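Take a look at the structure set out below.
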Amino acid sequence: MLEGDVSKITWEQFKENFYAKFFSANVKHAKLQEFINLEQGNMTVEQYDAEFDMLSRFAPDVVRDEAARTEKFVRGLRLDLQGIVRALRPATHADALRIALDLSLHERVDSSKATSRGSSLGQKRKAEPQPALTPQRDLRSKGVFQRHRQELAAAGRTLRELPPCGRCKRVHGGRCLLGSGVCFRCRQPGHTADACPRKHFETTLHQPSTFQQGRVFATTRQEAERAGAVVTGTLPILGHYAFVLFDSGSSHSFISSVFVQHVGLEVEPLGSVMSVSTPSGEVLLSKEKIKACRVEIANHVLDVTLLVLDMQDFDVILGMDWL
Numbered sequence: 113m114l115e116g117d118v119s120k121i122t123w124e125q126f127k128e129n130f131y132a133k134f135f136s137a138n139v140k141h142a143k144l145q146e147f148i149n150l151e152q153g154n155m156t157v158e159q160y161d162a163e164f165d166m167l168s169r170f171a172p173d174v175v176r177d178e179a180a181r182t183e184k185f186v187r188g189l190r191l192d193l194q195g196i197v198r199a200l201r202p203a204t205h206a207d208a209l210r211i212a213l214d215l216s217l218h219e220r221v222d223s224s225k226a227t228s229r230g231s232s233l234g235q236k237r238k239a240e241p242q243p244a245l246t247p248q249r250d251l252r253s254k255g256v257f258q259r260h261r262q263e264l265a266a267a268g269r270t271l272r273e274l275p276p277c278g279r280c281k282r283v284h285g286g287r288c289l290l291g292s293g294v295c296f297r298c299r300q301p302g303h304t305a306d307a308c309p310r311k312h313f314e315t316t317l318h319q320p321s322t323f324q325q326g327r328v329f330a331t332t333r334q335e336a337e338r339a340g341a342v343v344t345g346t347l348p349i350l351g352h353y354a355f356v357l358f359d360s361g362s363s364h365s366f367i368s369s370v371f372v373q374h375v376g377l378e379v380e381p382l383g384s385v386m387s388v389s390t391p392s393g394e395v396l397l398s399k400e401k402i403k404a405c406r407v408e409i410a411n412h413v414l415d416v417t418l419l420v421l422d423m424q425d426f427d428v429i430l431g432m433d434w435l
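So the sequence shown is numbered by my numbering: it starts at 113 and just counts up by one.
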C-alpha cells in the first residue's frame, strides 16, 4: 500500500492511502451524504457528537474550518436546543457542544426533580441555586412551566387568575399595600398614588413627540404557534421562574406587567414611551423597564433590558437586542 521510506510519511498521506485501499469511492460518497444529512433526532447530545466526529472525517470540504464545523454541528441539533445554542453564538464546535450538553443536562435534572420541587414551587415562585432550563418546541406540550402553573393553580395563585384580595378587594399579585403608607403606583412611602411624582412624568411621556417605535413577533401562544420558528423555555429572571419566548423577530425584550406585579420586581421609567406593534395590528405601550436585569442561560449570565408590557401568555420575550 505504501512505497518508499514509510518513516517519512505524514498522517494525511497515510489516511489518503488507507482510505484508497479500504474505502471505495461509493462508500466514501455514502458517508459524505450521511454526514450532510446528519441530525440529532432521538440521539442524546453525546451520541450525536460522536456520530458527528466519526462522519466528519469523510467531509473535509464541508467542515473546512472551525466556523463551518460549528455551524454544521449546531444546524443538526434538535430544534429546541438549536435555537438557544445559536442565540449564544458559540465560537467553536467545543463551545457549542458544551452549551448543548449543559442544556440537555438541565432538562434531564429538571424532569427528575419536577415532582419533588412541586410543593415548594406552590408556596413560593423562587428559583433554585441550579436553575432548570427546559426548552420546548411545542408550546402546547406539558413541560415544566405547564406543571408549575398547575401547581400554582392548585394553590389558588395562577399568574393571571389571581383571586380578589381579601383586604382591598382588588386583584393584584404580591402583598397588599393597603394601609402600609406606600404609594400603589411607585411603591415608595411618603405619598399616595394620586400625588405620586411619577404621575406627572408618565403624563408627559404620552406626548406624541416622545414615542419610540418597536415591534414584537408574537405576544400570545396563538401568534407564536402560527410563526412556527420560535423557542420557549423556563428561565430564572432576577430569582424568579419565568416562561420565556425567544423571538428573533422582536426588536426589544419585554416582560409582562402581570409578572412584574406578581413577583414585585423593581421598575424605573423609560426616557420615552415605547410604541410596540404586534402581528395582530394592535399597538401596545411600554413606559417602564426592569432595573439591572440579568438572565442566566446554561451557566451564561447575560445583561438584558426588559421593557414592561401588557401581554398575554408569556412572562418574558427575549428579542434581538440581547443577542
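Where a beta carbon is used, it is the ideal one built from N, C-alpha and C, also for glycine. Note that the coordinates shown come from a computational prediction; the quantities given were computed from them, not determined experimentally.
In this structure Gly-431 is buried. Its beta-carbon is surrounded by 16 or more other beta-carbon atoms within 10 angstroms. Contact between Leu-419 and Phe-366 holds, with the beta-carbon distance rounding to 5 Å and staying under 8 Å. Cβ neighbours of Phe-185 within its own chain (closer than 8 Å, five residues either side excluded): Asp-161, Phe-164, His-205, Ala-208 and Leu-209. Assigned with DSSP and collapsed to three states, Met-423 falls in coil, not helix or strand. The shortest C-alpha to C-alpha distance from Gln-159 to any of His-141, Asp-177 and Arg-190 is the one to Arg-190. Distances from the alpha-carbon of Val-416 to those of Lys-401, Leu-144 and Gln-194 put Lys-401 closest. Looking at the DSSP output, His-352 bridges to Ile-349. When DSSP states are grouped into helix, strand and coil, Ser-365 belongs to the strand group.
Under the three-state reduction of DSSP, Met-155 is assigned to coil, being neither helix nor strand.
Contact between the stretch 136 to 145 and the stretch 193 to 200 is not established, with fewer than three Cβ pairs separated by less than 8 Å. Residue pairing of Lys-401 in beta bridges, as defined by DSSP: Glu-380 and Leu-419. About 11 Å separates the beta carbons of Lys-403 and Pro-381, which is beyond the 8 Å limit, so they are not a contact pair.
The criterion of a C-beta distance shorter than 7 Å is satisfied by Leu-397 and Val-385.
Under the three-state reduction of DSSP output, Phe-358 falls in the strand class. When only Cα atoms are considered, Thr-346 and Gly-153 end up about 22 Å apart. For Leu-396, the secondary structure class from DSSP, reduced to helix, strand or coil, is strand.
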